[in-house]
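Undergrad:
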Amino acid sequence: MPTQGIYTIVTNLPIARDVYELALTGDTTALSRPGQFVNIQLNGLYLRRPISVCRREQGRMTLVYKVVGAGTRQMAGMRPGETLDLLVGLGNGFDVAPARGKSIALVGGGAGLPPLVGLMETLAGERVTCALGFASAEDVFYETLLRSLGADVAVCTMDGTAGMKGLVTDALKTMAYDYYFACGPKAMLKAVHGLGGDGQLSFEERMGCGFGACMGCTCQTLAGNKRVCLEGPVFFSGEVSCECFR
Amino acid sequence: MLSVALGGVTLPNPIIPASGTFGFGYEMARFYDINRLGAVALKGTTWDARFGNRAPRIAECFGGMLNAIGLQNPGAPAVAAEEMPKLRAVFGGVVIANISGFGIEEYVATARHFDERSDAAILEVNVSCPNVRHGGMAFGVTPEGAASVCRAVKAACKKPVFMKLSPNVTDIADIAAACEAAGADGLSLINTLLGMVIDPASGKPVVSTKMAGFSGPAVKPVALRMVYQVYERVSIPIIGIGGIRTADDVLEMISAGAAAVQIGSQNLVDPWACEKILDDLPVKMAAYGIRDIQSIIGRAHA
Ligand SMILES: Cc1cc2nc3c(=O)[nH]c(=O)nc-3n(C[C@H](O)[C@H](O)[C@H](O)COP(=O)(O)OP(=O)(O)OC[C@H]3O[C@@H](n4cnc5c(N)ncnc54)[C@H](O)[C@@H]3O)c2cc1C
Ligand SMILES: Cc1cc2nc3c(=O)[nH]c(=O)nc-3n(C[C@H](O)[C@H](O)[C@H](O)COP(=O)(O)O)c2cc1C
Ligand code: FES
Chain A
1 MPTQGIYTIV
11 TNLPIARDVY
21 ELALTGDTTA
31 LSRPGQFVNI
41 QLNGLYLRRP
51 ISVCRREQGR
61 MTLVYKVVGA
71 GTRQMAGMRP
81 GETLDLLVGL
91 GNGFDVAPAR
101 GKSIALVGGG
111 AGLPPLVGLM
121 ETLAGERVTC
131 ALGFASAEDV
141 FYETLLRSLG
151 ADVAVCTMDG
161 TAGMKGLVTD
171 ALKTMAYDYY
181 FACGPKAMLK
191 AVHGLGGDGQ
201 LSFEERMGCG
211 FGACMGCTCQ
221 TLAGNKRVCL
231 EGPVFFSGEV
241 SCECFR
Chain B
1001 MLSVALGGVT
1011 LPNPIIPASG
1021 TFGFGYEMAR
1031 FYDINRLGAV
1041 ALKGTTWDAR
1051 FGNRAPRIAE
1061 CFGGMLNAIG
1071 LQNPGAPAVA
1081 AEEMPKLRAV
1091 FGGVVIANIS
1101 GFGIEEYVAT
1111 ARHFDERSDA
1121 AILEVNVSCP
1131 NVRHGGMAFG
1141 VTPEGAASVC
1151 RAVKAACKKP
1161 VFMKLSPNVT
1171 DIADIAAACE
1181 AAGADGLSLI
1191 NTLLGMVIDP
1201 ASGKPVVSTK
1211 MAGFSGPAVK
1221 PVALRMVYQV
1231 YERVSIPIIG
1241 IGGIRTADDV
1251 LEMISAGAAA
1261 VQIGSQNLVD
1271 PWACEKILDD
1281 LPVKMAAYGI
1291 RDIQSIIGRA
1301 HA
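Same order as they appear, the protein sequences are chains A and B.
Counting from 1, one number per residue, gives the positions in the first sequence under our numbering.
Counting from 1001, one number per residue, gives the positions in the second sequence under our numbering.
1) From which residue to which residue does the alpha helix (DSSP H) around A/Ser148 run?
2) Closest by CA to B/Gly1242, which one among B/Pro1271, B/Val1197 and B/Leu1193?
3) Kindly list the residues whose CB is nearer than 6 Å to the CB of B/Ala1109, restricted to its own chain and excluding five residues on each side of it in sequence; keep chain order.
4) Quick check: what's the CA-CA separation for B/Asn1035 versus B/Ala1029?
5) At which residue ranges does the segment 47-91 of chain A contain complete beta strand (DSSP E) runs of 3 or more residues, listed in the order of the chain?
6) Going along chain A, which residues have a C-beta under 8 Å from B/Gln1294?
7) So is B/Gly1023 in contact with chain A if we call contact Cβ pairs under 8 Å?
8) Run the CB neighbour count on B/Phe1304, radius 10 Å, all protein chains shown included, and call it buried at 16 or more, exposed below.
9) Assuming B/Val1040 and B/Phe1022 make a contact with CB atoms under 8 Å, what is their CB distance in whole Å?
10) Considering only C-alpha positions, which residue in the set B/Val1261, B/Lys1276, B/Lys1210 and B/Arg1299 is nearest to B/Ser1019?
11) Under 7 Å between beta-carbons, which chain B residues line up against A/Gly216? List them in chain order, please.
12) Closer than 7 Å: is that where the CB of A/Cys130 sits relative to any heavy atom of ligand 3?
13) Got a sec, what are the start and stop residues for the beta strand (DSSP E) A/Ala213 sits in?
14) Which residue wins for smallest C-alpha separation from B/Ser1208, given the options B/Met1001, B/Leu1006 and B/Gly1070?
15) Please list, following the chain, all residues that have a C-beta closer than 5 Å to any non-hydrogen atom of ligand 3.
16) Using 8 Å as the threshold, is the C-beta distance between A/Leu47 and A/Gly208 below it?
17) Using a Cβ-Cβ cut-off of 8 Å (strictly less than) and excluding sequence neighbours within five positions of B/Phe1214, which residues of its own chain qualify?
18) Do we get a CB-CB distance below 8 Å when we pair B/Phe1051 with the residues of chain A?
19) Using beta carbons (cut-off 8 Å, strictly below), is A/Leu47 in contact with chain B?
20) Any beta carbon of chain A sitting closer than 8 Å to that of B/Val1269?
21) What would DSSP say about B/Glu1106, mapped onto helix, strand or coil?
22) CA-CA distance, A/Gly166 and A/Met78?
23) Once you ignore the five residues that flank B/Gly943 on each side, which residues in its own chain have a CB closer than 7 Å to its CB?
24) Within a Cβ cutoff of 8 Å, which residues of the same chain sit near B/Lys1086, ignoring the five residues on either side of it in sequence?
25) Any C-beta of chain B within less than 8 Å: which residues of the segment 1-18 of chain A qualify?
26) Kindly examine ligand 1 and report whether one of its heavy atoms sits closer than 7 Å to the Cβ of A/Pro50.
27) At the level of alpha carbons, what is the spacing between A/Val117 and A/Met61?
28) Near B/Pro1074, what residues of its chain come up, given a Cβ to Cβ distance below 6 Å and the 5 sequence neighbours on each side ignored?
29) Should A/Met188 go down as buried or exposed, given a rule of 16 or more other Cβ atoms within 10 Å for buried?
30) Establish whether the CB of B/Arg1245 and some CB of chain A are separated by less than 8 Å.
31) Taking 8 Å as the CB-CB limit, is A/Gly199 close to chain B?
32) Tell me the DSSP secondary structure of A/Arg227 in three-state form.
33) Secondary structure at B/Ser1148, three-state DSSP: helix, strand or coil?
34) For B/Ala1173, collect the residues of the same chain with a Cβ closer than 6 Å to its Cβ; drop the 5 residues on either side in sequence, then sort them by chain order.
35) Nearest by alpha-carbon distance to A/Met262: which of B/Gly1008, B/Ile1296 and B/Arg1054 is it?
36) Quick check: B/Ile1016 and B/Leu1037, are their CB atoms within less than 8 Å of each other?
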């Protein structure tokens, strides 16, 4: 059940080019799974901005966002002690049950990778390899964090300035895994899905509400019409159709 | 006193979530007891199931938003057989079915289905949805077109029929008067204004259909003006819609001539919007010395 609340900024620091890590305190009881998201109200902007929850502990959560427009720019200018109005506990999140005991790949692209951190924490004790894709060395973040949480991490950059040169799927092809979780731009999700295998993919779509009221975010899956904000953002690989990547 | 009358149906209060911004109602019962609402308007329904338009369907603009959902719905038979019972499990009040179509036959079939096979109390006929290339728009932009849909639906149905009008017309009062003459029991206005948002970096429209329906606080002055104009021309009740965010907005809309109001986009940015308005309305009425909400309908015309 989603809740609304006022959250206080603890830190709001740059961690890569145009990417900020925002730590907030407030009620986190509405969050039940990694991969859920919050919807943020900002001054002078009519619609809320959806951002995935990166990590959560009792009374505290971390969001990671990339500055791409007016809303995220406003967020980047906010200081510790300032507050944000959030709808919390939106979306289904990742289901870790089918992955238990398997060898797991986490695949993340750019600003899409933050929820993989919370997922990694939930998967503590499992065999996990991460394939992280970025444009360039300046864009890389959370490589060390994911390693410290127990994952093997491979970084890819498009220009070869860090890790191996190429796409995440190039790294993924060299890995042995029997279950995957993927989060990132549609082109990346499409490539990962195209490799086959069982897994879960987290989608982004422009949203009116974020809680199932407007049908603004619907995609056509093999299991029927689904709202990215309510029945998603995470879909099983078996229900994802080519329509989802359009 | 908050209760109001709409074409023979009495509502406990004038606050109604607008079609398309409240799902089929039951989705919103997670947030508060929706039995407090004056009524619930269902998502626009066609005879056949529709996926609607491709993504992106949503854009933001100053003071509002654009949508091009394209009437996504599972079709009238499924709405009556599956969605209505889910709503009835959590809501005992007045239901307004919202009806769309691509031809008069489809309007009639869908309206008749809700008339005979559902306990919706009011049929709201959308002749104004600007999203569907071959649909609604053609009927809603002329008095004859709107009246022909109204006449056909009235002839086929027993329940009160409210015609939901498009603001994308030269003279909305002419269209309203034509609907009244064709037997409409009431009018709902306004639907979304046709608008556009362009990404300055790419130079391309953001929404897949390029043009899309503009709604939200920025459209309120247009909605108020249209309700005001229509009130001068008709004597059937008007449901005022467009940009309503607060209890004060509700009192403005009723003063312009609305007997009840619908709240649309605001539900999307605040799922408790209607509940907050319901809490605040009696407080504002007391502050302005209003005892009976019905006593101020159209007072702006005095
Ligand atoms: C479920 C979900 C989770 C997300 N998680 C993250 C995250 O963890 N970190 C992160 O950096 N970004 C995330 N995004 C993308 C983020 O929502 C957008 O980057 C952000 O809304 C842009 O807002 P803006 O005002 O800066 O940009 P503008 O372009 O000015 O925004 C204009 C409008 O378009 C919408 N919009 C623009 N880009 C996107 C997009 N990619 N997806 C959805 N709506 C968009 C905005 O919400 C707003 O309504 C997520 C999106 C979704 C749907
Ligand atoms: C996402 C969305 C979907 C809508 N769908 C419908 C619909 O199916 N049928 C209809 O008659 N109006 C529909 N509308 C129009 C609203 O019911 C309302 O008339 C309009 O948004 C103006 O009110 P507002 O400014 O309070 O949003 C929709 C509006 C929005 C924002
Ligand atoms: S964003 Fe409104 S239903 Fe998904």
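Backbone N, C-alpha and C fix where the C-beta goes; we use that ideal spot for every residue, glycine too.
TA: The relevant details are as follows:
1) Sequence index remark: in the first sequence, residue 148 of chain A carries index 148 (1-based). It spans Glu143 to Ser148 - the alpha helix (DSSP H) in which A/Ser148 sits, taken as one unbroken run.
2) Against the second sequence, residue 1242 of chain B aligns to sequence position 242. For the residues B/Pro1271, B/Val1197 and B/Leu1193, the minimum Cα distance to B/Gly1242 belongs to B/Leu1193.
3) Counting from 1 along the second sequence, the entry for residue 1109 of chain B is found at position 109. These residues qualify, in order along the chain: Trp1047.
4) One-based indexing of the second sequence puts residue 1035 of chain B at position 35. One-based indexing of the second sequence puts residue 1029 of chain B at position 29. C-alpha separation (whole angstroms): 9 Å.
5) 49-57, 60-66 and 83-90
6) What you label residue 1294 of chain B is simply residue 294 of the second sequence in a count that begins at 1. Neighbours of B/Gln1294 on chain A: none; closest Cβ ~29 Å, over 8 Å.
7) Along the second sequence, read from residue 1 onward, the residue named residue 1023 of chain B stands at position 23. True, the Cβ-Cβ gap to chain A drops below 8 Å.
8) Here chain B has residues from 1001 to 1302 only, and residue 1304 of chain B is not among them.
9) For this step, residue 1040 of chain B is matched to residue 40 along the second sequence. For this step, residue 1022 of chain B is matched to residue 22 along the second sequence. So it is a contact: roughly 7 Å between Cβ atoms.
10) Translated into positions along the second sequence, residue 1019 of chain B becomes position 19. Of the candidates B/Val1261, B/Lys1276, B/Lys1210 and B/Arg1299, the one whose C-alpha sits nearest the C-alpha of B/Ser1019 is B/Val1261.
11) Translated into positions along the first sequence, residue 216 of chain A becomes position 216. Under the 7 Å cutoff, chain B gives Arg1057, Ile1058, Asn1067 and Ile1069.
12) Along the first sequence, read from residue 1 onward, the residue named residue 130 of chain A stands at position 130. No.
13) Residue mapping note: residue 213 of chain A aligns to position 213 of the first sequence, counting from 1. Note, A/Ala213: premise wrong, no beta strand (DSSP E); not H, not E.
14) Taking the first residue of the second sequence as 1, we reach residue 1208 of chain B at position 208. Checked all of B/Met1001, B/Leu1006 and B/Gly1070; the closest Cα to B/Ser1208 is B/Gly1070.
15) A/Met207, A/Gly208, A/Cys209, A/Gly212, A/Cys214, A/Gly216, A/Cys217, A/Arg227 and A/Cys229
16) One-based indexing of the first sequence puts residue 47 of chain A at position 47. One-based indexing of the first sequence puts residue 208 of chain A at position 208. It is a contact, given that the beta carbons lie within the stated cut-off.
17) Stepping through the second sequence from its first residue, residue 1214 of chain B is reached at position 214. So the list reads Cys1061, Gly1064, Met1065, Leu1066, Thr1192, Leu1193, Leu1194 and Gly1195, once near-sequence residues are dropped.
18) As a position in the second sequence, residue 1051 of chain B is number 51, starting the count at 1. For B/Phe1051, the answer is yes, since a Cβ of chain A falls inside 8 Å of its Cβ.
19) By 1-based counting over the first sequence, the position of residue 47 of chain A is 47. It does: the Cβ of A/Leu47 has a partner Cβ on chain B nearer than 8 Å.
20) Here the question's residue 1269 of chain B lines up with position 269 in the second sequence. B/Val1269 counts as touching chain A.
21) As a working mapping, residue 1106 of chain B is identified with position 106 in the second sequence. Correct three-state label for B/Glu1106: helix.
22) Here residue 166 of chain A corresponds to residue number 166 of the first sequence, with the count starting at 1. Here residue 78 of chain A corresponds to residue number 78 of the first sequence, with the count starting at 1. Those two C-alpha atoms are separated by around 35 Å.
23) In the structure as shown, chain B starts at 1001 and stops at 1302, and residue 943 of chain B therefore has no counterpart that could be examined.
24) For the purposes of this step, residue 1086 of chain B is taken as residue 86 along the second sequence, with counting starting at 1. Once the five neighbours on either side are set aside, the close Cβ partners of B/Lys1086 are Phe1024 and Tyr1026.
25) Met1, Pro2 and Gln4
26) Indexing the first sequence from 1 puts residue 50 of chain A at position 50. A/Pro50: yes, Cβ under 7 Å from ligand 1.
27) Within the first sequence, residue 117 of chain A is the residue found at index 117, counting from 1. Within the first sequence, residue 61 of chain A is the residue found at index 61, counting from 1. Cα to Cα, the separation comes out at about 12 Å.
28) In the second sequence, residue 1074 of chain B corresponds to position 74, counting from 1. Result list for B/Pro1074: Ala1049, in chain order.
29) Looking up residue 188 of chain A in the first sequence gives position 188. Burial call: buried.
30) In the second sequence, residue 1245 of chain B corresponds to position 245, counting from 1. Cβ-Cβ to chain A under 8 Å: no for B/Arg1245.
31) Looking up residue 199 of chain A in the first sequence gives position 199. No, A/Gly199 does not count as interfacial toward chain B.
32) Your numbering for residue 227 of chain A matches position 227 in the first sequence. A/Arg227: strand per DSSP, three-state reduction.
33) In the second sequence, residue 1148 of chain B corresponds to position 148, counting from 1. In the structure shown, B/Ser1148 sits in a helix (DSSP, three-state: H, G or I).
34) Translated into positions along the second sequence, residue 1173 of chain B becomes position 173. Same-chain partners within the cutoff: Gln1229, Val1230 and Arg1233.
35) Any question about residue 262 of chain A goes unanswered here, given that chain A covers just 1 to 246.
36) The count along the second sequence starts at 1 and reaches residue 1016 of chain B at position 16. The count along the second sequence starts at 1 and reaches residue 1037 of chain B at position 37. Their beta carbons are under 8 Å apart, which means B/Ile1016 touches B/Leu1037 by this criterion.
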